[in-house]
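Participant:
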Amino acid sequence: MVPGYHSQVTHRSRSAVLVLATLVAVGGCGSDQKKPRQQPLQPLSLQEQTSSVASSSNGYIVNWAGVLRNANRWHFGENAVATVTAVDAAGQEVVHMEQPLDAIPPGGTLPFSGEAVANAKPVNVKIGYRDAAWRQAARIPSAFKPFPLYEVATEPLDRKSYLVTGYVGDPFIKAAGSLVVTALLRDAEGKLIGGGSAFVDDVTSKLRRRFVITVDSVSGGKAVKTDVMARTWGSTAKPYEDLALGGAVPADRGRPATPPFAKDRGYQVASDRRP
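The structure is reproduced here in structure tokens:
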């Protein structure tokens, strides 16, 4: 045995282990630094709201409408709740309602509307909400396609009530069991003045369903524009995700509208340099 051989091997082995440990530590630090940080989820925001009061044979009907926005691109907002309270001239609460809302798609908005009956005339109506529980979407945002609308028409019934009609379709292969269609009425300046909702069932890509929405009153002005949106019914993302996971209907491009070329416009490759 060469003198000092064992001590040299032991020293070199220890040195190699130290160098390897240092490289692993540096590599680990580098990977930690490169790992993207997850952005904190943003709360819902109430972008618009309006309310109105109309008298009826049962007392007073309080109508409201609003728009909630979900700024999180990869998460559904589930189990959100709208809170509506109204007080009369004496300050007594005459309406207190908690309205469960449908799931809000990633990066999308949720228009909603509702109504309640009060025995005394409300003079002040407040609309709020309880924030949603967040659930990561099972598909990319573009997979959650909007539901197409057709032949939307708005007709005034009297001074403050309107009738909104039209048809809704299904962009997915799977049939949509239940949809909620909400119409938002706006004045000449684009301000939200009222809204209403209706349910439609068994919508397919080949069978459009008609919706009829009555808006009993508006907060003021004349409705000159109507925004209509359809969404899946339910406080969780499951109905929308089930449709998206089933796939979308291929776009129907139709037959070519121009006649074929009289002469083939192809060309020959001048040289072939393949090996």
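Residue numbering for the sequence shown follows this note's numbering, starting at 57 and increasing by one per position. We put the CB at the ideal spot given by N, CA and C, even for glycine.
With distances taken from CA atoms, which of 270, 161 and 172 is nearest residue 142?
Facilitator: 172
Participant: With a threshold of 6 Å on Cβ separation, who are the neighbours of residue 189 within its own chain once the five nearest residues in sequence on each side are excluded?
Facilitator: 134 and 135
Participant: Let me check understanding here. Comparing Cα to Cα, which of 96, 280, 126 and 206 lies closest to residue 221?
Facilitator: 206
Participant: Go ahead and pull the three-state DSSP assignment for residue 198.
Facilitator: Look at residue 198 here: in three-state DSSP terms it is helix.
Participant: Three Cβ pairs or more, each shorter than 8 Å: is that satisfied between the region 95 to 114 and the region 254 to 263?
Facilitator: The answer is no - the region 254 to 263 does not touch the region 95 to 114, with fewer than three Cβ pairs under 8 Å.
Participant: For residue 298, does the three-state DSSP call read helix, strand or coil?
Facilitator: helix
Participant: Taking the alpha-carbon of residue 248 as reference, which of 116, 298 and 123 has the nearest alpha-carbon?
Facilitator: Of 116, 298 and 123, the residue nearest in Cα terms is 123.
Participant: Do you know whose CA, among 275, 253 and 282, lies nearest residue 180's CA?
Facilitator: 275
Participant: Looking at C-alpha atoms only, which residue of 165, 125 and 295 is the closest neighbour of residue 233?
Facilitator: 295
Participant: Measuring only the C-alpha atoms, how far is residue 113 from residue 196?
Facilitator: 49 Å
Participant: Which same chain residues, not among the five before or five after residue 174, have their C-beta less than 7 Å away from its C-beta?
Facilitator: The residues are 115, 116, 118, 142, 150 and 151.
Participant: Could you pull the DSSP bridge partners for residue 120 from this structure?
Facilitator: 107 and 170
Participant: Residue 176: which of 201, 111, 277 and 203 sits nearest, CA to CA?
Facilitator: 111
Participant: Once DSSP output is grouped into helix, strand and coil, what is the label at residue 147?
Facilitator: coil
Participant: Any idea if residue 288 is buried or exposed, counting beta-carbon neighbours within 10 angstroms, 16 or more meaning buried?
Facilitator: buried
Participant: If you measure between the beta carbons of residue 290 and residue 229, is that distance less than 9 Å?
Facilitator: Taking the C-beta atoms as reference points, residue 229 is found no nearer than 9 Å to residue 290.
Participant: To the nearest whole angstrom, what separates the beta carbons of residue 254 and residue 282, a pair I think is in contact under 8 Å?
Facilitator: No, residue 254 and residue 282 are not in contact; Cβ-Cβ is about 13 Å, not under 8 Å.
Participant: Can you name the residues that DSSP bridges to residue 203?
Facilitator: Per DSSP, none; premise fails for residue 203.
Participant: Does at least one heavy atom of the ligand ATP sit under 8 Å from the Cβ of residue 223?
Facilitator: Absence of the ligand ATP from the depicted structure is noted, as is the absence of any ligand whatsoever, leaving it without description.
Participant: Spell out the partners DSSP gives residue 134 in its beta bridges.
Facilitator: 189
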